[in-house]
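Student:
Protein chains: 2
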Amino acid sequence: MDISQRIKEDILNSKLPRGVPLRQVVLSEQYGVSRIPIRDALLSLKVEGWLVPHGKAGVMIPDLNWKEAEDLSLMRAELECLLLDMAFGCILPEDIAKARCLTNRLNEPQLSLIGRGELNWLFHHTLYSPANRPALHRVVEGLNKQAIRYLGFQYGPLGYRQKSQNQHEVLLNFIESGNKTDAIDCLRQHILHAGTLLSNYLKAM
Amino acid sequence: MDISQRIKEDILNSKLPRGVPLRQVVLSEQYGVSRIPIRDALLSLKVEGWLVPHGKAGVMIPDLNWKEAEDLSLMRAELECLLLDMAFGCILPEDIAKARCLTNRLNEPQLSLIGRGELNWLFHHTLYSPANRPALHRVVEGLNKQAIRYLGFQYGPLGYRQKSQNQHEVLLNFIESGNKTDAIDCLRQHILHAGTLLSNYLKAM
DNA sequence: ATGCTTAAAAATGTATACATTTATTGTTTG
DNA sequence: CAAACAATAAATGTATACATTTTTAAGCAT
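In order, the protein sequences belong to chains A and B.
Note that the first sequence covers residues 937 to 1141 in my numbering.
Note that the second sequence covers residues 937 to 1141 in my numbering.
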């Protein structure tokens, strides 16, 4: 697998230290490659927002914070509603079936954190794809991928899983019956609700 | 200056070929460095959306297209209104003064395209900074920087300059008088109007 | 003791050389 | 003649070695 993907996973699973500069030599030994592909990966991750600068040179893993959590969910709410609006008329029954299948798989208990995050994004992705808006889709994908970092809190202390599942189901039913306004509203609530829970939890820490 | 910045400028000024793969050796000779910093730059620009993959390896400069133009303005409209909302109570008189100074400098006729784009972003940046929302600000900045690619059309065939200036002035007046609702509405119209003009123009090409 | 200067170390940035993958072209075969 | 295959050329990906920058820590002066 790609080095930057492996690093992302290790960030998610707290295998890499937070708040201190990531050293290229150390990583190159850990991942068994030279510094060049490590540099490439760190650069990508910095541009994507997974890493932040540390001093004048070097990068580090930023702390989770309620403001970013809130921003991510606010941005997702606005942009994903836009996308669903555009996609609505083009969503086929097979898309809904696929989405239903994906959200059901989220029940599997042995799923890893990152696996859950990927599935959740795939669910949303399935509903937005028919819109055929590459630029918008791309940004939304980036936001979702970043939000995975915060998923540990949602599926851990907050016990959010079942509720999220239900909201997915309700959303699919609205789409199936052609009820656009309610569908978009449901999606917005789904995203904002999770965001509020999460940022409140982080504020209290 | 940073290589990736120089490449961005050359993309904006059409100094680099569109639609064909950019060759690392060619660029390394043009910019007088080895392939490594070129690779770094191309990688960043790819992640930022300035370049797209070409086949299985290599990148190219994508064509301008109305869909992306529309997406950029729709995203900007939603997210910048959010930011202005958050910033509103925190915008100081000196911020407004600075913004007014920036928008006035947009009248200078000798300004380059990229200079105009930078100034325009600085204007918006000044109004959003007081919100103190790094994650949101970061995304908005990325969208604005990408939108610079389309600025040539706005300031060229569309003759948009004067109108944009006026809208900036109206916006500042709303902010100055504490009229939040109208300010946000004005901002949304400002962004969407430019987007509509632009994407209609591109559709007709 | 504290703060500044300076020197050494350790880190990142860059260049060159090599490995691997991708694209192209020429040949062969149905 | 077209299509598929193979061989070659050319591009990207990676490793190692070197240059530059940044950090750290030690020494000196205040």
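The beta-carbon is built from N, C-alpha and C at its ideal position, and this holds for glycine as well.
If you're wondering where the values come from, they're calculated on a predicted model, not measured in any experiment.
Report the neighbours of residue 1007(A) on chain B: residues whose CB is nearer than 7 Å to its CB, in chain order.
Tutor: What residue 1007(A) touches in chain B: 1069, 1071, 1072.
Student: Mark residue 1046(A) as exposed unless 16 or more other C-beta atoms lie within 10 angstroms of its C-beta, in which case mark it buried.
Tutor: Result: exposed.
Student: Take residue 982(B) and list the residues in its own chain whose beta-carbon comes closer than 8 Å to its own, dropping the five residues that flank it on each side.
Tutor: Only 988, 989, 995 meet the Cβ criterion.
Student: Should residue 956(A) be flagged as near chain B, meaning a C-beta pair shorter than 8 Å?
Tutor: Output row for residue 956(A): interface = no.
Student: Span of the alpha helix (DSSP H) holding residue 1027(B)?
Tutor: Looking at the DSSP string, residue 1027(B) is not in any alpha helix (DSSP H), and its letter there is neither H nor E.
Student: Since residue 954(B) and residue 999(B) are thought to touch, with beta carbons under 8 Å apart, how far apart are those beta carbons, to the nearest angstrom?
Tutor: Yes, they are in contact, since the Cβ atoms of residue 954(B) and residue 999(B) sit about 6 Å apart, within 8 Å.
Student: Would you say residue 983(A) faces chain B, with C-beta separation under 8 Å as the test?
Tutor: Yes, because at least one Cβ of chain B sits closer than 8 Å to the Cβ of residue 983(A).
Student: Against chain B, does residue 970(A) count as a neighbour if the rule is that its beta carbon must be under 8 Å from one of theirs?
Tutor: Not closer than 8 Å to any Cβ of chain B, the Cβ of residue 970(A) fails to qualify, so no.
Student: Where do the N-terminal and C-terminal ends of the alpha helix (DSSP H) with residue 1064(A) fall, by residue?
Tutor: It spans 1049-1064 - the alpha helix (DSSP H) in which residue 1064(A) sits, taken as one unbroken run.
Student: What is the rounded straight-line gap between the Cα of residue 1084(B) and the Cα of residue 941(B)?
Tutor: If you take the alpha carbons of residue 1084(B) and residue 941(B), they lie about 13 Å apart.
Student: So residue 1116(A) packs on residue 1059(A), CB below 8 Å; how close in whole Å?
Tutor: Incorrect: roughly 19 Å between the Cβ atoms, too far for contact.
Student: Nearest chain A C-beta to residue 1004(B) closer than 8 Å, yes or no?
Tutor: Residue 1004(B) counts as touching chain A.
Student: Closer than 8 Å, CB to CB, is residue 1016(A) near chain B or not?
Tutor: Closer than 8 Å: no.
Student: Are the Cβ atoms of residue 1011(B) and residue 1107(B) separated by less than 8 Å?
Tutor: No, these two residues do not count as a Cβ contact at 8 Å.
Student: Does residue 954(B) come out as helix, strand or coil in the three-state DSSP assignment?
Tutor: Three-state DSSP puts residue 954(B) in a strand.
Student: Between the beta-carbon of residue 1123(B) and the beta-carbon of residue 1005(B), is there less than 8 Å?
Tutor: In this structure, residue 1005(B) does not lie closer than 8 Å to residue 1123(B) by Cβ.
Student: Quick one: list the residues of chain A neighbouring residue 937(B), beta-carbon separation under 9 Å, in chain order.
Tutor: Going along chain A, no residue has its Cβ under 9 Å from residue 937(B), so there is no contact; the nearest lies around 17 Å.
Student: Identify whether residue 1076(B) lies in helix, strand or coil by the three-state DSSP scheme.
Tutor: If DSSP states are grouped into helix, strand and coil, residue 1076(B) belongs with the helices.
Student: Please determine if the segment 955-967 of chain B and the segment 1125-1133 of chain A are in contact, where contact requires at least 3 C-beta pairs separated by less than 8 Å.
Tutor: At 8 Å Cβ cutoff, the stretches do not touch.
Student: To the nearest angstrom, how far is the alpha carbon of residue 1111(B) from that of residue 1067(B)?
Tutor: Looking at the two C-alpha atoms, the distance is approximately 14 Å.
Student: By DSSP, does residue 937(A) sit in helix, in strand, or in coil?
Tutor: Residue 937(A): coil per DSSP, three-state reduction.
Student: So what's residue 1111(A) in DSSP terms, helix, strand or just coil?
Tutor: Reduced to three states, the DSSP call for residue 1111(A) is helix.
Student: Does any CB atom of chain A fall closer than 8 Å to the CB of residue 996(B)?
Tutor: By this cut-off, residue 996(B) is not an interface position.
Student: Helix, strand or coil for residue 996(A)? Go by DSSP, reduced to three states.
Tutor: In this structure, residue 996(A) counts as strand in the three-state DSSP scheme.
Student: To which residues of the same chain is residue 964(B) closer than 7 Å at the C-beta, ignoring the five residues directly before and after it?
Tutor: So the qualifying residues of the chain are 970, 971, 974.
Student: Cβ atoms of residue 944(A) and residue 986(A): under 8 Å apart, would you say?
Tutor: The answer is yes: Cβ separation under 8 Å.
Student: Which residues share a DSSP beta bridge with residue 988(B)?
Tutor: DSSP, once it has assigned bridges, lists 996(B) as partnering residue 988(B).
Student: For residue 1145(A), return the contacting residues in chain B, with the cut-off set at a CB-CB distance below 7 Å.
Tutor: Because chain A in this structure spans residues 937 to 1141, residue 1145(A) falls outside the shown range and cannot be described.
Student: Which bits of chain B does residue 976(A) rub up against, with CB to CB less than 9 Å?
Tutor: By Cβ distance, chain B contributes 975, 976, 979.
Student: Within the 8 Å Cβ cut-off, does residue 1087(A) reach chain B?
Tutor: Not closer than 8 Å to any Cβ of chain B, the Cβ of residue 1087(A) fails to qualify, so no.
Student: Does the beta-carbon of residue 1089(A), which I'm using as the reference point, lie nearer than 7 Å to any heavy atom of the ligand ZN?
Tutor: Looking at this structure, you won't find the ligand ZN or any other ligand, since it has none at all.
Student: One question on the structure: do residue 1063(A) and residue 1035(A) come within less than 8 Å of each other, judged by their Cβ atoms?
Tutor: The answer is yes: Cβ separation under 8 Å.
Student: In the DSSP assignment, find the unbroken alpha helix (DSSP H) run with residue 1136(B) in it and report its ends.
Tutor: 1116-1139 is the extent of the alpha helix (DSSP H) around residue 1136(B).
Student: Nearest chain A C-beta to residue 1141(B) closer than 8 Å, yes or no?
Tutor: Not an interface residue.
Student: Run through DSSP, which three-state label would residue 973(A) get?
Tutor: Helix at residue 973(A).
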